[in-house]
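Each residue of the sequence shown is one higher than the one before, counting from 811 in the numbering used here.
Heads up, the beta-carbon is just placed ideally off N, CA and C, and yes, glycines get one too.
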Amino acid sequence: MQLVKAIVRPNKVDDVKEALEKIGVSGMTVTEVRGHGQQKGHTAVYRGKEYNVSLLPKMEVEVVVDDAAVDDAVKAIIQTARTGEIGDGRVFVMPVEQSFRIRTGEQSV
């Protein structure tokens, strides 16, 4: 199993969710996060005063998928979340050694 973690634009979350559901990925966790990469933030004006926003709002989508489905999941996320502009996000893939269902104690390997 692999944990696929994607940081995407907030307006792309529903599209990513639908794309993952189409390839059979059912469970996911979505979290509001803030950060920056190459984008480095932007300047905003509030009540006539200019200020620097260095941590931008993003969404983190986490899914655990079988090893055989990792490439399809990553491809679906990238194709769906891409706008071609700086700030589209990032996808990380990490191994998952064990998983336990809290309700039953069932272990997945």
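DSSP places Thr841 within a strand segment (E or B) once states are collapsed to three. Taking a cut-off of 8 Å for Cβ pairs, the segment 905 to 913 and the segment 832 to 848 do not touch, as fewer than three such pairs fall below it.
Scanning Ile896, Ile817 and Leu865 for the CA closest to the CA of Val840 turns up Ile817. Check the Cα spacing between Glu872 and each of Lys859, Glu916, Glu842 and Gly915: the tightest is with Glu842. If only uninterrupted alpha helix (DSSP H) runs of at least 4 residues are considered, those enclosed by the segment 813 to 838 are 823 to 832. The continuous stretches of alpha helix (DSSP H) do not include Val875, which lies in the beta strand (DSSP E) extending over residues Leu866 to Val875. In this structure, Ala891 and Asp898 form a Cβ contact; the two beta carbons are roughly 6 Å apart against a cut-off of 8 Å. Comparing alpha carbon positions, the residue from Ala879, Met811 and Asn821 closest to Thr893 is Asn821. Within the same chain, and ignoring the five residues on either side of Met869 in sequence, the residues whose Cβ sits closer than 8 Å to its Cβ are Ile817, Val818, Arg819, Pro820, Lys822, Val823, Val840, Thr841, Glu842 and Val843.
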